[in-house]
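Below is one structure, written out as structure tokens; the observations come after it.
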Amino acid sequence: MPYRPSYADDAATAATTDGGHAMNNAALDRRRLLQLTATGVVGAAALSSSGLGSARSLDVDPGEKRWSFETDFGITRSSPTVVGGTLYVGGRDGRVYALDADDGGEEWTYETDGLILPSPAVVAGTLYVGSNDGHVYALDADDGSEEWIFETDLEAEFEHVWSSPAVADGTVYVGGKDGTVYAIDADDGSEEWRFTDPEDWIVSSPTVANGTVYIGSGSFFNEAQATVYALDAADGTEQWSFEAGDYVASSPTVYDGTVYVGDADSRTVGGSTPETGAGASSPSSIATETPAARPARVDATDGTDLRSGTTHASVRTVGAGSVGTTTEQETEPFGNVYALDADDGTEKWSIETDDVVRSSPTAFDGTVYIGSRDSNLYALDAADGTEQWTFRAGETIESSPTVADGLVFVGSYDGNIYAVDTDDGSEEWVFETDGNIRSSPTVVDGTLYIGADGGHGGEDVNIYAIGAGVDGSSEGSRLASGTLGNHAEWVDRAVPGPDAAFSVEPSEPGVDDSVTFDAAPSTGDIDSYEWASTDVDAFPERGESVTHTFEEPGTYDVTLTVTIGSLRDSVTETVTVAESDEGGDDADGDDDTDDDAGDGVPGFGIVGTLSGIGGAGYLLRRRLSGDDSRDH
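Pasting the structure below:
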């Protein structure tokens with residue numbers, strides 16, 4: 001069973017500042033970690049544009065360390081999520097780490113029974129993440145306490161959840177290595193639906209856009225067809241599928257009606273050496289190479305194309321009793337980057353790289369950025385795939401790039417984190433570590449966060465905060481869709497809070513009129529409606545539509561608060577109630593609140609209110625004189 005969250009007293013922490021000095025020399029007991037107070041509602045002064053807080057006050061040069069935090073066993077692929085001033089990431093030691101984004105101090109950890117390769121998603125105060133123990137966890141983002149645990153059907157040898165969860169409209173979507181896509185209720189962890197058609201591992205992470213879930217399947221170890229799927233987010237029905245190469249470890253991104261994704265593919269090259277004997281074929285070495293456009297996946301034992309069932313000339317078979325030929329084949333890996341129509345899956349364009357693509361693309365301002373195991377970072381025209389530039393790192397790039405303020409950031413197996421100019425691919429700065437970098441960077445308010453992996457030939461097991469040399473936050477489609485990490489700006493887009501609004505009828509009531517307050521103009525999948533008036537003792541408290549009769553003339557403030565989960569929004573309107581049957585000149589006895597009266601007194605006005613978001617630790621919205629503005 002998984003462990004509960006662990007804490008330590010305030011004296012112990014493994015974080016170091018940009019000078020590399022330990023914040024405290026006390027040895028850190030990994031079972032007892034520092035708990036920092038996390039507030040449910042954060043004041044506007046405590047938040048910057050992305051909810052990070054005062055991290056930018058740590059003034060360091062571009063490419064220099066702000067702080068680092070040492071884990072027990074490194075970060076493999078998990079990419080940081082930064083929300084409400086806290087960084088969340090998973091580790092190879094099976095722990096979820098929550099760190100203060102300002103200084104790297106530990107807030108809490110939660111331990112599972114398996115490696116955590118996926119990236120956490122944090123939405124509305126809840127953290128969602130999968131583990132190699134075959135479970136998906138929902139944890140309170142403030143203190144790490146369990147909200148629910150979902151158990152997949154993965155068999156013992158394959159009970160790995162490598163797919164990072166995507167959260168949209170109250171549902172958590174995640175893939176398993178059993179070839180199943182799961183849709184889980186975000187509130188209680190109950191299963192909503194599952195898609196089981198893939199016959200291969202799913203290590204790709206889902207992306208949800210416009211009511212559709214996009215995800216890839218396939219692995220190096222199995223022979224099932226690698227496929228990119230588009231599924232209806234509501235019920236999991238397949239909308240379309242696209243056959244890719246050997247496997248899809250890259251996670252799709254959606255940009256301007258197009259799905260971009262990479263794959264791993266291979267072609268067989270080589271020949272055959274004739275042998276003598278009864279039934280031997282004529283001597284020759286048959287050298288072949290499968291077409292690059294749609295290369296075959298060839299079974300080396302009989303030459304059968306695993307896609308089509310046809311036999312290729314690189315392997316020959318002979319009749320019974322024949323000696324035949326001895327095959328000598330080599331497999332040459334390569335990768336593809338595809339652009340697919342998001343509506344029907346038709347291929348718009350594709351380009352080939354010199355090695356497999358496990359990096360996930362991000363698209364921004366008409367350009368797609370993606371890495372490859374051929375050590376190149378590619379910048380491609382999103383419309384037609386034309387190469388704009390390439391940047392060559394020292395080794396393989398499996399890290400997924402992110403874009404902020406004219407720079408693209410990515411990590412490499414050479415242990416370096418690179419900042420590259422988006423215009424021409426020139427290097428702006430490089431930060432060196434002692435590990436491999438497979439984690440993907442997240443930039444928030446000028447700070448880049450990323451993890452190093454000491455488990456594959458390196459010794460570096462740190463999480464880093466690095467001065468990015470920019471002022472902004474990650475902008476590309478990868479983080480915009482919440483894939484492989486997210487930050488507070490994404491949360492606002494991904495889970496829009498409710499907008500409170502209501503009408504008053506009649507708009508200029510008199511004493512003893514029955515006045516209806518209707519919240520129908522409010523938007524969002526609203527859970528509750530609460531009404532209040534400080535000037536009226538017996539004002540109705542709940543309901544989408546309420547009525548009230550004012551017994552005295554005057555000006556009354558009426559407030560509506562609407563709620564979706566932990567997200568809420570309020571609006572206050574002022575209602576002016578006139579004295580009944582007084583002040584009018586109508587001979588027919590009609591009431592004196594003539595629609596054409598121009599006395600300059602409005603029926604009601606909007607008073608700005610500020611709403612807090614309880615669990616997520618950031619402000620949702622501010623209403624000023626009827627105009628919405630967003631605080632992060």
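Numbering-wise (full-length UniProt numbering), the sequence shown opens with residue 1 and increments by one. Think of the CB as a built atom: it goes at the ideal place given N, C-alpha and C, for glycine as much as any other residue. Since we're looking at a predicted model, the values are computed, not measured.
Range of the contiguous beta strand (DSSP E) that encloses residue i
i, result
"TRP201", "Element bounds for TRP201: n/a, residue is neither H nor E."
"SER68", "65 to 70"
"LYS348", "347 to 353"
"SER241", "238 to 243"
"GLY371", "367 to 371"
"ASN462", "462 to 467"
"HIS548", "545 to 549"
"LEU231", "227 to 232"
"ALA404", "402 to 404"
"VAL515", "514 to 518"
"THR442", "442 to 444"
"ARG194", "191 to 195"
"THR184", "Looking at the sequence shown, residue 184 is not Thr but Ile. Unbroken beta strand (DSSP E) run through ILE184: 181 to 185."
"ILE149", "146 to 151"
"VAL356", "Element bounds for VAL356: n/a, residue is neither H nor E."
"ASP121", "Note that residue 121 is Ala in the sequence shown here, rather than Asp. It spans 121 to 123 - the beta strand (DSSP E) in which ALA121 sits, taken as one unbroken run."
Helix, strand or coil at residue i [DSSP, three-state]
i, result
"ARG267", "strand"
"ARG478", "helix"
"TYR413", "coil"
"GLY335", "strand"
"VAL89", "strand"
"VAL248", "coil"
"SER580", "coil"
"residue 633", "It is not possible to answer for residue 633, since the shown part of the chain is limited to 1 through 632."
"ARG307", "With a pLDDT of 37 at ARG307, under the threshold of 50, the modelled position of that residue is not reliable, and the figure given next carries that caveat. Coil, per DSSP."
"SER533", "coil"
"THR422", "coil"
"GLY451", "strand"
"ALA98", "strand"
"TRP108", "strand"
"GLU428", "strand"
"TRP162", "coil"
"ARG568", "strand"
"VAL82", "strand"
"GLU552", "coil"
"GLU541", "coil"
"THR386", "coil"
"LEU560", "strand"
"ARG77", "coil"
"GLU398", "coil"
Contact set for residue i: own chain, Cβ-Cβ below 6 Å, skip 5 residues either direction
i, result
"LEU58", "In this prediction, LEU58 has a pLDDT of 49, which is less than 50 and means its spatial position is unreliable; nothing more can be read from the coordinates."
"GLY170", "ALA186"
"PRO198", "GLY179 and SER217"
"SER164", "PRO118, SER119, SER205 and LEU484"
"TRP349", "ALA339, ASP384 and GLY385"
"PRO401", "THR362, TYR369, VAL408 and VAL410"
"PHE195", "VAL181, LEU231 and GLY236"
"VAL398", "Val is not the amino acid found at residue 398; the sequence shown has Glu there. So the qualifying residues of the chain are ARG358, SER359 and ARG438."
"TRP193", "ALA183, ASP235 and GLY236"
"TYR255", "ALA363 and SER477"
"PRO252", "THR207, TYR214, VAL259 and VAL261"
Cross-strand partners of residue i (DSSP beta bridge)
i, result
"ALA209", "THR212"
"GLY130", "VAL136"
"VAL167", "VAL172"
"PHE391", "LEU377"
"PHE502", "In DSSP, PHE502 forms no bridge with anything."
"GLY510", "ALA578"
"PHE364", "THR367"
"LEU340", "VAL259 and GLU347"
"LEU407", "ALA404 and ASP421"
"GLU330", "VAL269"
Close-in-space but distant-in-sequence residues of the same chain around residue i (CB under 7 Å, 5 per side omitted)
i, result
"PHE150", "HIS135, VAL136, ILE184 and GLY189"
"ASP471", "ASP405 and GLY446"
"ASP499", "SER522, THR523, GLY524 and ASP569"
"GLU395", "SER375, SER412, TYR413 and ASP414"
"ARG30", "Confidence is the limiting factor: at ARG30 the pLDDT is only 25, short of 50, which leaves the residue's position unreliable, though a coordinate-based value still follows. Here the set comprises ASP72."
Spatial neighbours of residue i in its chain, beta-carbon cut-off 8 Å, leaving aside the 5 residues before and after
i, result
"THR152", "GLY134, HIS135, VAL136, GLU159, VAL161, GLY176, ASP178, THR180 and TYR182"
"ASN25", "No answer about ASN25 holds up, because its pLDDT of 28 lies below 50 and its placement is not dependable."
Cβ-heavy atom distance, residue i to the ligand MG, below 7 Å
i, result
"SER412", "Inclusion of the ligand MG in the displayed structure is not the case, the ligand content being empty and no account of it being possible."
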